[in-house]
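Structure first, then comments.
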Amino acid sequence: MRYAETGFNLEIDLTRGNIEKVATDPKDTELYLGGLGTNTKLIWDRVAPEVEAFSPDNLLIFGTGLLCGTPATGCNRTIVSTISPQTKLMAFSMMGGFWAPELKYAGYDKVVLRGKSPDLVYLWIKDDKVEIRDASHLRGKGAVETAELIKAELKEPKAQVAAIGMAGENRVFYASIEQGRSSASRGGIGAVMGDKGVKAIVVRGTKDLNIAEPAKYMELCHEVLAYIKHREGNPIPGVMPILAGLGSPQEMKVHDEKWHTENFMWGNSRTRRKDFWNEEIEKEWTETLDKARTRLVSCFNCPMECGATISMPGLPTYMMKCFTKLTYTMGAFSDLDFGLRIAQKATEYGVDGFSTPQVMAFALELLENDILPASDFPDMPEDTEGRFYYLLDKIVRREGIGDILANGTYWAAKEIGNGAEAYAHNNIKKTEQLPLKLSMLNPVYFLMYATGEKMNITQIEGQFPQAPFATMEEREAFVSDWVQVPDEKFKQYLLDWEFRGENSNPYYPTIEMSCNIVDWQETMHYIDDALGQCAGLSSFPLKPPYHIHNYPQFISAGAGIEMNEEQLKKAAKRYRTLVRAVNTNRGMRRKDEKPPENHWKKRFPELEEQLLDGYYKFKGWNADGIPTKESLHDLGLDYVCADFIARGILTEGDDLPAEDVSSNETLVEG
Amino acid sequence: MTSPKKTKTIKTIKIDIDKCNGCRACEVICSSFHAMPKYSSNNPARSRIRVTREPIRDVYVPVYAGEYAAAECAGRDKYTIDGKEYDECVFCRAACPSRDEFKEPDSGLPLKCDMCEGEDEPLCVKWCMVDALTYEEREVEIDEEEPNPEEIETGLQSLVDKHGLDKVADMVAQLAKEKK
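Protein chains in written order, with numbering that gives the first Met the number 0: chain A, 0 to 669; chain B, 0 to 179.
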């Protein structure tokens, strides 16, 4: 018997309309854990580097985390993996909500889609019954609207629906998949779903999910619940409110937006408004949020209430999560009322709340600077808010200039030319980032931004405080109950960290310390993405209930796989390296691993190169960021090495990259 | 002469639907507790508490299972509470022929909340960290009542009519095993 997982994937060939239930190999779970890990293995095995995002040969995988659907609190994430149209690299976006547990209860660990349906369809999975159904009547419908229509049509109010809106149907490069109160937004996976002709995947399950060691597992679950309660009553002092507690940043609860509005950049990530927040705005925004917010809501089996139901007068109800609360507001230099209103439309259209406002602000900058002519914006309103609505419609319909903007700032700038590329200034690996422009280079964040393949800093950071504490008393208090550290040395890193002087940014944490910190943070996120655990109770907040010391026990008792800390770290390193290998095969090299030029005012080119050198070495990658033969062998990834050698990416006999234009460019740039 | 009085403990779960966040942790732990062996599996479709959740209409109603109703009720009334419309089935604690709530998904046999016998308080209450569910006990005096064998027979007969003798016999055997 399989434990925690079902042992079956659903394989659906949309071109032929073929549906298969396929047994999976338990050995793969041991090696790659599940979720992102086994998704990545499927991509490696079956999607050749030449396959493009909108090819029928591209896979779109909806993977559940290994422990999803078990009683482990907050373990509910669906990990969607494919090739991104925007980055042309592997995309893996995670969504919370209710979909993954429902799929487990239906008896499957993953839904693997290949091919393309000739007509728009939706998939209906009810336990053993799986159907491909016509969705032509749902064309152009909103993502939330679609979910409601399908549940009514099937008379299945308890079904869980992951759907795309018009943006996905029209293959907007930053289209999302919306589901309940969550979405898989980064990387344009909604566009791939639309390209495959799938409007929605609907799931209802009524089967048992087994646990290997029930008593032990429940003891672990109770410990986690007790710890959550403890942390609720004991927020961390001395850090910003959204980091003091647990869960995803509690944007739906928080009224004080001084920190975000004054530290993040407005418009196309250019303007900092240091004195923006005042009593009047606070009063107005508080009223707006209080009126709009019907209820704070949670994902499956989680008490954290990180999302909210939002009902703006005159608009259909939707659910909001996380930082979309401010992205449209700040992109358009507007207020919270506008942000919550346009987000309703954007949610129905199904677009990424980080990229979309950036692209729209970028378009307006191009217009203001005569790079795009006014004739590209026929009948556009005068006011910025009106322009944002106008652009949103043009983008999701791919009408006029919207057709170019729908490809994101990187590709749009290339196509527009005429100097537009200087305005696409906030990208890493062709993806719009959070609108941050900071002062002094931070070595830890430099490494996370540069080397991250999740395309979003919030999905990499966590565990280690973002800034030093002012006094030794505060530092000592912080480390006193810091049980989550994988090693005692991290406590000393923090104790010695100062705002100014020798032990401050950019040379402290040192290169070695920065490598250790980034590796810890990244490892925890990758473990979460394999287990299906929400980062909000694990890798993102400070001092979370799940950590490297209890995770192995959860895996052993839950899934019946023998696991200790070293084995778990190695498994995470294995599929993290495999993600890099997929992207290496797709041409990603050191030259791609850099934050935007204007991300920090004070840059240290030499130090940055040393940081990259140090981190690559630490991770077992060569100077161009390619996993070495030796490290691949250690991880049991000799098949990757063989492929690299066959493709001339690594040469036989040593770890140097073969002659390669991209690596030569790096040398010139370096 | 007055009939003899006896004290009985009434156990209830108080439900505050304003506090429910719709996470369904109650369903998870309930089904897990009632698995055989205990905690060996979980499946919200076997839970004895269900959350009727319609987020877009802001309907969040946890209800725990009561007695089986052999017949469908006549009404399908709509209620409006605090501006939200509810179907009366949403509040109903019975498993009945017209709905699939509170029935084992494989056998169709009705489920009934037992307040997690043996635990200090029902586990759904313990796992509801937003306090939408609270456990209440109160003592009441009741008339002592001898069980009427005829009534038991009638009740059992109706179950046999509905589910067949084998299923009912299996259930009785299972219950007897659980009580030991």
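C-beta: ideal position from N, C-alpha, C; glycine also. Keep in mind the model is a prediction, meaning the values are calculated, not measured.
Assuming contact is defined by CB atoms lying nearer than 8 Å, are residue 193(A) and residue 167(A) in contact in what I supplied?
As a first step, residue 193(A) must be located in the first sequence, where it is residue number 194. As a first step, residue 167(A) must be located in the first sequence, where it is residue number 168. Result yes, Cβ atoms of residue 193(A) and residue 167(A) sit closer than 8 Å.
Three-state secondary structure (DSSP) at residue 167(A)?
Mapped onto the first sequence, residue 167(A) falls at position 168. Here residue 167(A) sits in helix by DSSP.
Endpoints, beta strand (DSSP E) assigned at residue 178(A)
Residue mapping note: residue 178(A) aligns to position 179 of the first sequence, counting from 1. 176-178 is the extent of the beta strand (DSSP E) around residue 178(A).
For residue 598(A), which option in 264(A), 210(A), 557(A) has the closest C-alpha, if you only look at C-alpha atoms?
Stepping through the first sequence from its first residue, residue 598(A) is reached at position 599. Ranking the options by Cα distance to residue 598(A), first place goes to 264(A).
Backbone CA spacing between residue 511(A) and residue 612(A) [nearest angstrom]
By 1-based counting over the first sequence, the position of residue 511(A) is 512. By 1-based counting over the first sequence, the position of residue 612(A) is 613. Taking the straight line from one Cα to the other gives about 11 Å.
Could you give the residue range of the alpha helix (DSSP H) that holds residue 307(A)?
On the first sequence, position 308 is the one that residue 307(A) refers to. Per DSSP, residue 307(A) lies in no alpha helix (DSSP H); the unbroken beta strand (DSSP E) holding it starts and ends at 306-309.
Spatial neighbours of residue 526(A) in its chain, beta-carbon cut-off 7 Å, leaving aside the 5 residues before and after
Residue 526(A) sits at position 527 when you count from the first residue of the first sequence. Result list for residue 526(A): 550, 567, 571, in chain order.
Is there at least one Cβ from chain A nearer than 8 Å to residue 61(B)'s Cβ?
For the purposes of this step, residue 61(B) is taken as the residue at position 62 of the second sequence. So, not an interface residue.
Note down the Cα distance separating residue 536(A) from residue 521(A), rounded to an integer number of angstroms.
Counting from 1 along the first sequence, the entry for residue 536(A) is found at position 537. Counting from 1 along the first sequence, the entry for residue 521(A) is found at position 522. Using only the alpha carbons, I get a separation of about 15 Å.
In the DSSP assignment, find the unbroken beta strand (DSSP E) run with residue 199(A) in it and report its ends.
Counting from one through the first sequence, the residue named residue 199(A) turns up at place 200. Here the beta strand (DSSP E) through residue 199(A) covers 197-203.
Residue range of the alpha helix (DSSP H) that includes residue 575(A)
Working through the first sequence from its first residue, we reach residue 575(A) at position 576. Run containing residue 575(A): 564-584, per the alpha helix (DSSP H) assignment.
Between 82(B), 66(B), 95(B), 54(B), which lies nearest to residue 73(B) when the distance is taken from Cα to Cα?
Locating residue 73(B) in the second sequence gives position 74, where the first residue counts as 1. The option with the nearest alpha carbon to residue 73(B) is 95(B).
Return the CA-CA distance between residue 75(A) and residue 517(A), expressed in angstroms with no decimal places.
Stepping through the first sequence from its first residue, residue 75(A) is reached at position 76. Stepping through the first sequence from its first residue, residue 517(A) is reached at position 518. The straight-line gap from Cα to Cα measures roughly 25 Å.
Does DSSP put residue 162(A) in a helix, a strand or coil?
If you number the first sequence from 1, residue 162(A) lands on position 163. Residue 162(A): strand per DSSP, three-state reduction.
So what does DSSP say about residue 76(B), is it helix, strand or coil?
In the second sequence, the residue the question calls residue 76(B) occupies position 77. In this structure, residue 76(B) counts as coil in the three-state DSSP scheme.
7 Å Cβ shell around residue 614(A) - same chain, five flanking residues per side excluded
The sequence position of residue 614(A) within the first sequence is 615, counting from 1. Excluding residues within five positions, the ones whose Cβ falls inside 7 Å are 446, 450, 514, 517.
On a CA-only basis, which of 589(A), 602(A), 595(A), 605(A) is nearest residue 626(A)? Give me that one, please.
Counting from 1 along the first sequence, the entry for residue 626(A) is found at position 627. Nearest C-alpha to residue 626(A): 589(A).
Taking DSSP as the reference, what is the three-state secondary structure of residue 142(B)?
Working through the second sequence from its first residue, we reach residue 142(B) at position 143. DSSP, read as helix, strand or coil, puts residue 142(B) in strand.
Does DSSP put residue 612(A) in a helix, in a strand, or in coil?
Here residue 612(A) corresponds to residue number 613 of the first sequence, with the count starting at 1. Reduced to three states, the DSSP call for residue 612(A) is helix.
Taking the alpha helix (DSSP H) that residue 295(A) falls in, what are its first and last residues?
Here residue 295(A) corresponds to residue number 296 of the first sequence, with the count starting at 1. Unbroken run through residue 295(A) is the beta strand (DSSP E), 292-296; no alpha helix (DSSP H).
On the three-state DSSP scale, how would you describe residue 24(A)?
As a position in the first sequence, residue 24(A) is number 25, starting the count at 1. Three-state DSSP puts residue 24(A) in coil, outside helix and strand.
How about residue 142(B): is its C-beta nearer than 8 Å to some C-beta of chain A?
Against the second sequence, residue 142(B) aligns to sequence position 143. No, because no Cβ of chain A sits closer than 8 Å to the Cβ of residue 142(B).
Interface residues of the stretch 12-36 of chain B facing chain A [CB-CB below 7 Å]:
Answer set for the stretch 12-36 of chain B: 20, 21, 22, 23, 24, 27, 28, 31, 36.
Suppose only complete runs of 4+ residues qualify. What are the alpha helix (DSSP H) ranges in the stretch 7-34 of chain B, listed by chain order?
Segments of the alpha helix (DSSP H) lying fully in the stretch 7-34 of chain B: 24-32.
Just the Cα atoms here: how many angstroms apart are residue 369(A) and residue 377(A)?
On the first sequence, position 370 is the one that residue 369(A) refers to. On the first sequence, position 378 is the one that residue 377(A) refers to. Taking the straight line from one Cα to the other gives about 15 Å.
I'd like to know if residue 43(B) contacts chain C, where contact means its C-beta is closer than 8 Å to some C-beta of that chain.
Given the protein chain composition of this structure (A and B), no chain C is represented.
Does any residue of chain B bring its CB to less than 8 Å from the CB of residue 296(A)?
Along the first sequence, read from residue 1 onward, the residue named residue 296(A) stands at position 297. Cβ-Cβ to chain B under 8 Å: yes for residue 296(A).
Residue 556(A) vs residue 28(A) beta-carbon contact at 8 Å:
The residue you call residue 556(A) lines up with position 557 of the first sequence. The residue you call residue 28(A) lines up with position 29 of the first sequence. No. Outside cutoff.
Taking 8 Å as the threshold (beta carbon to beta carbon), is residue 646(A) in contact with chain B?
For this step, residue 646(A) is matched to residue 647 along the first sequence. Not closer than 8 Å to any Cβ of chain B, the Cβ of residue 646(A) fails to qualify, so no.
Residue 233(A) to residue 134(B), Cα distance in whole Å?
Stepping through the first sequence from its first residue, residue 233(A) is reached at position 234. Stepping through the second sequence from its first residue, residue 134(B) is reached at position 135. Cα to Cα, residue 233(A) sits roughly 26 Å from residue 134(B).
Among 468(A), 632(A), 503(A), 643(A), whose alpha-carbon lies nearest the alpha-carbon of residue 239(A)?
In the first sequence, the residue the question calls residue 239(A) occupies position 240. The residue from 468(A), 632(A), 503(A), 643(A) with its alpha-carbon nearest to that of residue 239(A) is 468(A).
What does residue 227(A) reach in chain B if we use C-beta pairs closer than 9 Å?
The residue you call residue 227(A) lines up with position 228 of the first sequence. Result: 128.
What residues match up with residue 532(A) in a beta bridge as DSSP calls it?
Within the first sequence, numbered from 1, the residue matching residue 532(A) stands at position 533. DSSP, once it has assigned bridges, lists 74(A) as partnering residue 532(A).
Selection from 71(A), 140(A), 145(A), 86(A) that minimises the alpha carbon distance to residue 221(A)
Here residue 221(A) is taken as the residue at index 222 of the first sequence, counted from 1. Nearest option by C-alpha distance: 71(A).
Please report the straight-line C-alpha distance between residue 98(B) and residue 23(B), rounded to a whole angstrom.
Position 99 of the second sequence holds residue 98(B). Position 24 of the second sequence holds residue 23(B). Residue 98(B) and residue 23(B): Cα-Cα distance of roughly 20 Å.
Flag this pair as touching only if the stretch 408-422 of chain A and the stretch 481-495 of chain A have three or more C-beta atom pairs under 8 Å; answer yes or no.
no
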